[in-house]
Amino acid sequence: MATTKRHDVKDLSLAPEGVRRIMWADRQMPVLTAIRERFEHEQPLEGRRISACLHVTTETANLMRTLKAGGADVVLCASNPLSTQDDVAAALVNDFDIPVFAIKGEDNDTYYSHIEAAVDHRPQLTMDDGADVISVLHSARREQLGDIIAGMEETTTGVIRLKAMEADGALAFPVIAVNEARTKHLFDNRYGTGQSTLDGIIRATNVLLAGKRFVVAGYGWVGRGVALRARGLGAHVIVTEVDPMRALEALMDGYEVMPMAEAAPIGDIFCTATGDKHVLAREHLAVMKDGSIVCNTGHFNVEIDIPALQELSVETREARNFVEEFKMPDGRRIFLLADGRLVNISAAEGHPAIVMDMSFANQALATEYAVQNASSLEAKVYPVPTEIDEEIARLKLETMGVAIDALSEEQARYLASWDEGT
Ligand SMILES: NC(=O)c1ccc[n+]([C@@H]2O[C@H](COP(=O)([O-])OP(=O)(O)OC[C@H]3O[C@@H](n4cnc5c(N)ncnc54)[C@H](O)[C@@H]3O)[C@@H](O)[C@H]2O)c1
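Read in order, the letters of the sequence shown correspond to residues 7 to 428 in our numbering.
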């Protein structure tokens, strides 16, 4: 099946604003820029067809430009119906000649038809944020599986799904788990999501964080960042967890830790960051205080039981952009942000470019690595090679003007020995 439409974006006249913002982000992405310059010269992706399914943001635009500079024939669709920046989509089509299938606020059918359109490109490489393209290829498009050299996966939830596929023997081609690179999750998941999640909550509500009880569900990389930044704005942070190690870490980092059943009636703002389902369940929603704000920054919009919230309420209305009010029979109101989707990318702009520089440097270099090593990779989930990860950290420090010490020969010998005592 061939793609009949070259693109599907909201409005091409938005392109000039998209270009301005893409170039603004580009200034904060020096590592990716250096890769793009090398790619232009070396053409490591020459003639390779890539279907990317990522949040359509300014930073993603710069990744697409980099892949294209490397010789790839790339198309892009959205990895979330609410995260598309329409001006960026327009600019990619209009000014960079990259087909995009994405419209902010698209319904579910359009969302999936856009993924289909990206798969119609007959990719040899896939790039996912949540494994949607890989899912379609393994279900409705199995006849295309043989074309694929490898896939790249951006986020924790996608990697968990792909590892489950590998364990079941269902994965048909190699995938590189970009999320597992330290230059990705230590910075993007923690500092990027930490800052942009608070940005999304504040832009949507203009709430004052100081003095509020802010409940973070999940103390993984994302939860740690959200808790840190909420505390920085003066909130009293409560963490809920299911993992004793992570709960202990949260406690010793100075947060209050308790089950959600205890947090639900006392919290003011709730933010889920688990990658799990119904973390804010009916019984929690039923006992929340009047005015409670609930939102999610985990990958899928299943962390809050929205159907239960709808059933519990007698009336709903849009209170502000990205804020839906649910009125309970006793008059209490609960405010749901961004339909329970990633609040940082729906109600704000997602991670700052300086962080995405490292995540997308990993994407670009992992793609090059997959092409170069295609013959030796099996249908497994692979980490990003350590050399790539460390090179990105080195380059990032260099572009930030930060120098570090190097081991002397004596120190290197000492650290590698077992016979030199105190
Ligand atoms: N918003 C963004 O831009 C963004 C960025 C990166 C990752 N993500 C997504 O955020 C989610 C979390 O990612 P991460 O890297 O922090 O993962 P992680 O695995 O490091 O952390 C998840 C934590 O949630 C805990 N958890 C699971 N079920 C729970 C429950 N019922 N109650 C309380 N805690 C529970 C786990 O024990 C774990 O500590 C994933 O879905 C990931 O894809 C979003």
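Note that CB positions come from ideal geometry on N, CA and C, so glycine has one too.
If you're wondering where the values come from, they're calculated on a predicted model, not measured in any experiment.
Option nearest residue i by Cα separation, candidates the options
i      : options                        : result
ARG347 : THR203, ASN212, PHE193         : THR203
PHE332 : SER319, LEU343, ARG326, ALA344 : SER319
GLY337 : LEU343, VAL329, THR322         : THR322
PRO313 : ALA372, ALA183, ARG288         : ARG288
GLY260 : VAL243, VAL165, GLY76, PRO271  : VAL243
ASP93  : THR66, TYR117, SER119          : THR66
PRO87  : LYS283, ASP115, ALA354, ASP32  : ASP115
GLN369 : LYS16, LEU69, VAL15            : LEU69
HIS191 : ASP411, TYR420, ARG12, PHE366  : PHE366
LEU18  : ASN100, HIS144, PRO36          : ASN100
ASP249 : ALA241, LEU239, VAL263, GLY157 : VAL263
ARG326 : ASP345, GLU309, ASP311, GLU317 : ASP345
GLU52  : THR211, THR72, GLY76, ASP296   : GLY76
THR303 : ASP425, PHE341, ALA173, VAL232 : VAL232
ASP174 : ALA385, ALA412, GLU393         : ALA385
ASP14  : THR72, GLY24, ALA95            : ALA95
MET29  : HIS47, ARG71, ARG12            : ARG71
ASP103 : GLY164, SER381, ARG12          : ARG12
LEU286 : MET251, ILE340, LEU239, GLU324 : ILE340
THR162 : ALA279, GLY297, GLN316, SER382 : ALA279
VAL329 : ILE155, ARG209, ASN307, ALA270 : ARG209
Alpha carbon of residue i to alpha carbon of residue j, nearest angstrom
i      : j      : result
VAL80  : VAL222 : 38 Å
MET133 : PHE179 : 13 Å
GLY281 : ALA78  : 32 Å
MET294 : GLU268 : 10 Å
ASP274 : GLY217 : 10 Å
LEU98  : SER57  : 14 Å
PRO265 : GLU255 : 15 Å
SER141 : LEU151 : 11 Å
PHE276 : ILE299 : 6 Å
MET364 : PRO335 : 48 Å
PHE193 : ILE121 : 28 Å
GLN378 : LEU38  : 19 Å
ARG230 : PRO22  : 37 Å
LYS16  : GLU159 : 26 Å
GLU415 : ALA422 : 11 Å
GLY410 : LEU401 : Per the sequence shown, the amino acid found at residue 410 is Ile instead of Gly. Their backbone Cα atoms lie some 12 Å apart in a straight line.
ASP395 : THR405 : 16 Å
LEU234 : GLU149 : 47 Å
ALA354 : LEU143 : 31 Å
ALA236 : ARG27  : 27 Å
Cutoff 8 Å: residue i Cβ touching any chain C Cβ
i     : result
LEU18 : Structure shown: chain C not included; a single protein chain is present.
Spatial neighbours of residue i in its chain, beta-carbon cut-off 6 Å, leaving aside the 5 residues before and after
i      : result
GLU374 : PRO50
GLY198 : HIS357, VAL361
ASN195 : TRP227, VAL228
GLU247 : TYR225, ALA253
GLY169 : One point to set straight first is that residue 169 is Lys, not Gly, in the sequence displayed. Closer than 6 Å at Cβ, skipping near neighbours: VAL387.
GLU186 : PRO389
THR10  : Because the pLDDT at THR10 is just 49, under 50, the model does not fix this residue reliably, and the point stays unresolved.
ALA359 : ALA31, GLN34, MET35, GLU65
Cβ neighbours of residue i in the same chain (closer than 8 Å, five flanking residues each side left out)
i     : result
SER89 : HIS61, VAL62, THR63, LYS110, ARG347, LEU348, ILE351, SER352, GLY356
CYS59 : LEU82, CYS83, ALA84, SER85, ILE121, ALA124, THR132, MET133, ASP134, ASP135, GLY136, ASP138, VAL139
Three-state secondary structure assigned by DSSP to residue i
i      : result
LEU98  : helix
SER319 : coil
MET406 : coil
ILE228 : A small fix is needed here, since residue 228 is Val in this sequence, not Ile. The answer is helix: DSSP assigns VAL228 an H, G or I state.
MET7   : The pLDDT assigned to MET7 is 40, lower than 50, so where the model puts this residue is not dependable; a value taken from the coordinates is nonetheless given after this. DSSP places MET7 in coil when its eight states are reduced to three.
THR63  : coil
GLY53  : coil
HIS127 : coil
ASP425 : coil
PRO313 : helix
GLU415 : helix
ASP174 : coil
ARG5   : Outside the shown range of the chain, which is 7 to 428, sits residue 5, and nothing can be said about it.
GLY157 : strand
SER89  : coil
TYR388 : strand
HIS242 : strand
VAL377 : helix
ASN368 : helix
ARG237 : helix
PHE220 : strand
ASN302 : strand
Own chain residues within Cβ distance below 7 Å of residue i, not counting five before or after
i      : result
ALA399 : THR189
GLU426 : TYR420
ILE272 : ARG219
Sufficient close CB pairs (3 or more, under 8 Å) joining the segment 30–48 to the segment 111–128: The answer is no - the segment 111–128 does not touch the segment 30–48, with fewer than three Cβ pairs under 8 Å.
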